[in-house]
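Just so we're aligned, residue 1219 is where the sequence shown starts under this note's numbering, counting upward by one. Note that CB positions come from ideal geometry on N, CA and C, so glycine has one too.
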Amino acid sequence: MTVLAVSDLTKRYRRGGKPFAAVEAVSFEIGQAQTLALAGPSGSGKSTIARLVLRLLEPDAGRIEFEGADFLALSGAALRARRAKLQMVFQDPLAAFNPRATVARVLDDPLRIHGIASHTERPHRIAALLERVGLDAGLAQRAIHEISGGQRQRVAIARAIATRPSLIVLDEAVSALDVSVRGRILELLLDLQSQERIAYLFISHDLGVIRAVAHRVVILDAGRIVESGDARAVIADPQSAIGKALVAATPRLNRNRP
Ligand SMILES: Nc1ncnc2c1ncn2[C@@H]1O[C@H](COP(=O)(O)OP(=O)(O)OP(=O)(O)O)[C@@H](O)[C@H]1O
Ligand SMILES: [Mg+2]
């Protein structure tokens, strides 16, 4: 089943008075419980695609179908309901959350806003979510700025799964973490995907990470797709100049584990 189908997505900005396309005629699909990675050099349009898919930005052209519905045509209550199924995790959870908010508060918001659990049920749901992402329930009363970066990213994942999404957009979600923490977060993401059947749009500049988690990869350059296919096959034998350059810049790829 296709969860997300993007076709001919285009977003233009102006630079020095002239229009330029940050994203140009980009098309891809993601199936249930599948991970599609977006790779490409800095400025190639990865985050712009993420923001378009999340409807944080409106495209100049193109179509976004989410769970079979025309996502760009939704508004009001229908959009809010569908949005619960489309969550995000960004690189820096300190910027995404109020750093003084408690962990409990951050997890309570989606449960309350989307009417997922009653007031009395919510503390139990929060404890269960924390446990699900490998955190102690006692962390609930700590403030976001009082926990480690790895713990914060687990809270961000717990928040994202609170609404039982079918797709999570992860934009450089593990890039700021040190290698051992990153490995454990990637394992958590893989585990959640197999248990909950969640699809991921996984943005990373790190092909080693992409090879470890993605089924397919799309390589972008200057807003356009230059290459796409099975992640391991593309990384093992890239055909595009940009793909070759990205592989060459990732020496860890020569080892078996990322
Ligand atoms: N609001 C904006 N106004 C004008 N130009 C923008 C805006 N947002 C992004 N751009 C430009 O669009 C292009 C794509 O940016 P984007 O952030 O999508 O790249 P990226 O692939 O995510 O890069 P990185 O790997 O550095 O995160 C860049 O040239 C960027 O400067
Ligand atoms: Mg980016």
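- The set of residues with any CB-heavy atom separation to ligand 1 below 5 Å comprises, in chain order, TYR1231, ALA1240, SER1260, GLY1261, SER1262, GLY1263, LYS1264, SER1265, THR1266.
- DSSP places VAL1387 in the strand class (E or B) of the three-state scheme.
- Distance from the C-beta of ASP1389 to the nearest heavy atom of ligand 2 is below 7 Å.
- By the Cβ neighbour-count rule, GLN1305 is buried, with 16 or more other Cβ atoms within 10 Å of its own.
- The beta carbon of ARG1230 sits closer than 8 Å to those of PRO1237, PHE1238, ALA1239, ALA1240, ASP1278, all from its chain and outside the five residues before and after it, given in chain order.
- Assignment of beta-bridge partners to LYS1303 by DSSP yields no partner.
- ALA1322 and ARG1382 have their C-alpha atoms some 18 Å from each other.
- Taking the Cα positions, LYS1462 is about 33 Å away from ARG1372.
- Under a 10 Å Cβ-count criterion, ARG1370 is classified as buried, with 16 or more other Cβ atoms of the shown protein chains found around its own Cβ.
- It is roughly 31 Å from the alpha-carbon of LEU1227 to the alpha-carbon of ASP1409.
- Along the stretch 1225-1305, the beta strand (DSSP E) occurs as fully enclosed runs of 3 or more residues at 1236-1249, 1253-1257, 1279-1284, listed in sequence order.
- For SER1446, there is no enclosing alpha helix (DSSP H); the enclosing beta strand (DSSP E) has its first and last residue at 1442-1448.
- Short of 7 Å from the beta carbon of ASP1310, and not among the five residues preceding or following it, lie these beta carbons of its own chain, in chain order: ALA1394.
- Between ILE1437 and SER1458, the C-beta gap is smaller than 8 Å, which places the two residues in contact.
- The DSSP-derived three-state label of ILE1334 is coil.
- ILE1416 carries a coil assignment under DSSP once its states are collapsed to helix, strand and coil.
- If you compare the alpha carbons of ILE1375, VAL1307, PRO1341 with that of GLN1359, the shortest gap goes to PRO1341.
- Take VAL1465, set aside five residues on each side of it, and the residues of its chain with a beta-carbon closer than 7 Å to its own are LEU1425, ILE1453, PRO1456, LEU1471, in chain order.
- Three or more Cβ pairs drawn from the stretch 1244-1253 and the stretch 1412-1424 lie within less than 8 Å of each other, which places the two stretches in contact.
- Selection ILE1334, SER1260, VAL1271, ASP1327 evaluated against SER1245 yields VAL1271 as nearest (Cα-Cα).
- By the Cβ-count criterion, ARG1377 is buried, with 16 or more other Cβ atoms from all chains shown falling within 10 Å of its own Cβ.
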